[in-house]
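Just so you know, the sequences run in chain order A and B.
For the first sequence, position 28 matches number 1174 in this note's numbering, and the numbering has no gaps at all.
For the second sequence, position 129 matches number 178 in this note's numbering, and the numbering has no gaps at all.
Below is one structure, written out as structure tokens; comments come after it.
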Amino acid sequence: MNLVAEILSGNRLALARLLTKIENDSPEGVSTLDALFPYTGKAYLIGVTGAPGTGKSSLVNQLALHFRKTPGKEASPRVAVVAVDPSSPFSGGAILGDRIRMRDLSGDPDVFIRSMASRGVLGGIAQATASVVQALDAAGYGLILIETVGAGQAEVDIARLAHTTLVVEAPGMGDDIQAIKAGILEIADILVINKADRPGIENTETALRNMLQLGHPLPRDLRHHGKWVDQPVEADKAEIPNVWLPPIVRTVATEGKGIPELAEKIYMHKQYLHTSGEWETREQTRLETELINHLKSGLLSHWRNSITDQLYQDVLEKVYDRKLSPRQAVTLFLESEYD
Amino acid sequence: MDDNKIRVLIAKPGLDGHDRGAKVVARALRDAGMEVIYTGLRQTPEMIAEAALQEDVDVIGLSILSGAHMALVPRVLELLRGNKQEHVQVFIGGIIPDEDIPRLLEMGVSGVYGPGTLTDDIIRDIRENTRRQREQT
Chain A
1147 MNLVAEILSG
1157 NRLALARLLT
1167 KIENDSPEGV
1177 STLDALFPYT
1187 GKAYLIGVTG
1197 APGTGKSSLV
1207 NQLALHFRKT
1217 PGKEASPRVA
1227 VVAVDPSSPF
1237 SGGAILGDRI
1247 RMRDLSGDPD
1257 VFIRSMASRG
1267 VLGGIAQATA
1277 SVVQALDAAG
1287 YGLILIETVG
1297 AGQAEVDIAR
1307 LAHTTLVVEA
1317 PGMGDDIQAI
1327 KAGILEIADI
1337 LVINKADRPG
1347 IENTETALRN
1357 MLQLGHPLPR
1367 DLRHHGKWVD
1377 QPVEADKAEI
1387 PNVWLPPIVR
1397 TVATEGKGIP
1407 ELAEKIYMHK
1417 QYLHTSGEWE
1427 TREQTRLETE
1437 LINHLKSGLL
1447 SHWRNSITDQ
1457 LYQDVLEKVY
1467 DRKLSPRQAV
1477 TLFLESEYD
Chain B
50 MDDNKIRVLI
60 AKPGLDGHDR
70 GAKVVARALR
80 DAGMEVIYTG
90 LRQTPEMIAE
100 AALQEDVDVI
110 GLSILSGAHM
120 ALVPRVLELL
130 RGNKQEHVQV
140 FIGGIIPDED
150 IPRLLEMGVS
160 GVYGPGTLTD
170 DIIRDIRENT
180 RRQREQT
């Protein structure tokens, strides 16, 4: 049986080996992934990001358990977890420690966990993460949880990959100015305050709620005594809203508290994506981005093969000598191609 | 082919709670450029074999200080064979009596490293074994 057939028939060793080939960008990995492409596009991708130590792995563990045990409104999906940890900028090595928190998932043949090193990429996920997710999707994992590197403020690539992005905060992680900075909080579809049994939870929730309200002005009512009062945040209501306002959910992942509530919000967001048409938009944007990225690298190598090494070196020397700017060099290259 | 990262699973089977040695080795392998999956304490052989399968590792390092190595190691090796992962090198660290070492090596363990081992020796052995393994496949 070839690799594609092995993957489609549920061979987990073949899948694991394919993921390695994809990470190593091997020709066999690339061609297998291409052959699997028609089988992709079925999985629901949930991204989990947030600062180091906020409890992302524990939360992923609990969510995966929850989705396996309580199928709820849909059939119990097979669950895959892709957990990314940073590679050392010096040695290129990595400690991938996310499995430590996911031991509860061991023994379930319908759960597949894969650790990935970021391999020098700074966006919070690795270069190959999207491809690894595609392979898991083709292999029939209907729900894929993607845990990013412990992220600071700008690791926002996950939002382009996942359908639903959870940003995990913990009490005591910064004031209200942190909360209105651009970056990671903006990409949240759902905000999770984990470790909600810790002191400072009220301040954290207030800061996040205020941040959301600055971004999404709420209807206000003039009440008696001349006081303006905010209407409650719509997304906290039980029905599926027309406009998505990121809800805030409190959890204590180590004890499983707040997990059913969080799963409910995730389900609501998925429904929202479908009813609003945003699911389609996100999928199409993602595929176009992928196409453009491949086009860029394809055009670059195509062009490089079309000119002589001599010409390339000559122009490069002129740039080194500061006789040509890099931009002028490109103009020269592109003109010379058609000579 | 040898540019590909060596992936290592470091696991502590059994019930003892001393993981400093495992962490020292994990860190040394990281600094040698390997990708080390660290699974933490109290892993069953089944959990270790499952993780090795999903992570497609080249190497497994088992740290055992409880004296249960003659029960745990054969079980891990058996499960690996059952998963068609007999190519995975398994090395042992921890407290292993000298008289057990030949038997462990006979079972197919690639190395036994007690207290005082230089991490450079472990790294050299892993690189050498992995190179040989990858040439075969």
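Here a beta-carbon is modelled for each residue, glycine too, at the ideal position from N, C-alpha and C.
A quick note: this is a predicted structure, and the numbers were derived from the prediction, not measured.
Exposed unless 16 or more other CB atoms sit within 10 angstroms - verdict on residue i
{"i": "threonine 1310 of chain A", "result": "buried"}
{"i": "glutamate 184 of chain B", "result": "exposed"}
{"i": "leucine 128 of chain B", "result": "buried"}
{"i": "isoleucine 1153 of chain A", "result": "buried"}
{"i": "glycine 1266 of chain A", "result": "exposed"}
{"i": "aspartate 1455 of chain A", "result": "exposed"}
{"i": "asparagine 1148 of chain A", "result": "exposed"}
{"i": "valine 1338 of chain A", "result": "buried"}
{"i": "tyrosine 162 of chain B", "result": "buried"}
{"i": "arginine 1163 of chain A", "result": "buried"}
{"i": "leucine 1179 of chain A", "result": "buried"}
{"i": "tyrosine 1466 of chain A", "result": "exposed"}
{"i": "threonine 1397 of chain A", "result": "buried"}
{"i": "leucine 1182 of chain A", "result": "buried"}
{"i": "aspartate 1303 of chain A", "result": "buried"}
Neighbour list for residue i in chain B, Cβ cutoff strictly below 7 Å
{"i": "arginine 1245 of chain A", "result": "Ile86, Thr88 and Ala100"}
{"i": "alanine 1189 of chain A", "result": "What alanine 1189 of chain A touches in chain B: nothing, since even the nearest Cβ is about 17 Å away."}
Residue i - containing alpha helix (DSSP H), residue span
{"i": "valine 1176 of chain A", "result": "1173-1182"}
{"i": "valine 73 of chain B", "result": "69-80"}
{"i": "histidine 1411 of chain A", "result": "The residue you asked about is not histidine; residue 1411 of chain A is lysine in the sequence shown. Its alpha helix (DSSP H) spans residues 1405-1422."}
{"i": "arginine 1247 of chain A", "result": "Careful: arginine 1247 of chain A lies outside any alpha helix (DSSP H) and carries neither H nor E."}
{"i": "aspartate 169 of chain B", "result": "168-185"}
{"i": "serine 1203 of chain A", "result": "1202-1215"}
{"i": "glutamate 1169 of chain A", "result": "1158-1169"}
{"i": "tyrosine 1185 of chain A", "result": "Here tyrosine 1185 of chain A belongs to no alpha helix (DSSP H), and DSSP marks it neither H nor E."}
{"i": "isoleucine 1304 of chain A", "result": "1304-1307"}
{"i": "glutamine 1459 of chain A", "result": "1455-1466"}
{"i": "leucine 1331 of chain A", "result": "Counting along the chain, leucine 1331 of chain A falls outside any alpha helix (DSSP H), and DSSP gives it neither H nor E."}
{"i": "alanine 1475 of chain A", "result": "1472-1482"}
{"i": "proline 123 of chain B", "result": "118-131"}
{"i": "valine 1150 of chain A", "result": "1149-1154"}
Residue span of the beta strand (DSSP E) that contains residue i, given as start and end
{"i": "phenylalanine 140 of chain B", "result": "138-143"}
{"i": "tyrosine 87 of chain B", "result": "84-87"}
{"i": "arginine 1506 of chain A", "result": "In the structure as shown, chain A begins at 1147 and stops at 1485. Residue 1506 of chain A is therefore absent and cannot be evaluated."}
{"i": "alanine 60 of chain B", "result": "56-60"}
For residue i: DSSP bridge partner residues
{"i": "valine 1230 of chain A", "result": "A:Met1262"}
{"i": "serine 112 of chain B", "result": "B:Gly142"}
{"i": "threonine 1195 of chain A", "result": "A:Val1313"}
{"i": "isoleucine 1339 of chain A", "result": "A:Glu1315 and A:Arg1396"}
{"i": "glycine 1288 of chain A", "result": "Beta-bridge pairing links glycine 1288 of chain A to no other residue."}
{"i": "isoleucine 1241 of chain A", "result": "B:Val85"}
{"i": "glycine 160 of chain B", "result": "B:Phe140"}
{"i": "glutamine 92 of chain B", "result": "B:Pro62"}
{"i": "glutamate 1293 of chain A", "result": "A:Val1194 and A:Ala1229"}
{"i": "valine 1257 of chain A", "result": "A:Val1225"}
9 Å Cβ cut-off: residues of chain A touching residue i
{"i": "lysine 133 of chain B", "result": "Leu1159"}
{"i": "asparagine 53 of chain B", "result": "Thr1166, Glu1169, Asn1170 and Ser1172"}
Where residue i meets chain B, residues with beta-carbon distance less than 8 Å
{"i": "leucine 1312 of chain A", "result": "Chain B residues near leucine 1312 of chain A: none, gap ~23 Å exceeds 8 Å."}
{"i": "alanine 1162 of chain A", "result": "Leu102, Gln103, Glu104 and Asp105"}
Contacts of residue i in chain A (Cβ-Cβ under 8 Å)
{"i": "alanine 71 of chain B", "result": "Correct list: empty, because the minimum Cβ distance to chain A is about 11 Å."}
{"i": "alanine 120 of chain B", "result": "Result: empty, since nearest Cβ-Cβ is about 19 Å, beyond 8 Å."}
Chain B contact residues for residue i, given Cβ-Cβ distances below 9 Å
{"i": "tyrosine 1399 of chain A", "result": "Checking the sequence shown, residue 1399 of chain A turns out to be alanine, not tyrosine. In chain order: nothing, as chain B lies at least about 16 Å away."}
{"i": "alanine 1151 of chain A", "result": "None at all; the shortest Cβ gap to chain B is about 17 Å."}
Residues in the region 79-97 of chain B with C-beta within 9 Å of chain A's C-beta atoms, listed in sequence order? For the region 79-97 of chain B, the residues whose beta carbon sits under 9 Å from a beta carbon of chain A are, in order, Arg79, Asp80, Ala81, Gly82, Met83, Glu84, Val85, Ile86, Tyr87, Thr88, Gly89, Leu90, Arg91, Gln92, Thr93, Glu95 and Met96.
By the 8 Å beta-carbon criterion, what residues does the region 103-116 of chain B contribute toward chain C? Chain labels in this structure do not include chain C; the protein chains are A and B.
What residues in the region 1267-1298 of chain A have a beta carbon less than 9 Å from any beta carbon of chain B? Hits within the stretch: zero.
Closer than 8 Å between beta carbons: that is the criterion. Which residues of the region 1249-1262 of chain A meet it against chain B? Of all residues in the region 1249-1262 of chain A, Arg1249, Ser1252, Gly1253, Phe1258, Ile1259, Arg1260 and Ser1261 have a Cβ within less than 8 Å of some Cβ in chain B.
Name, going along the chain, the residues of the region 1223-1242 of chain A whose beta-carbon falls closer than 7 Å to a beta-carbon of chain B. Flagged, chain order: Ser1234, Ser1237, Gly1238, Gly1239, Ala1240, Ile1241 and Leu1242.
Looking at chain B, which residues of the region 1203-1214 of chain A have a Cβ within less than 9 Å of any of its Cβ atoms? Within the region 1203-1214 of chain A, no residue has its Cβ closer than 9 Å to any Cβ of chain B.
Which residues, taken in chain order from the region 1446-1477 of chain A, show a beta carbon closer than 8 Å to some beta carbon of chain B? Residues of the region 1446-1477 of chain A with a C-beta atom less than 8 Å from some C-beta of chain B do not occur.
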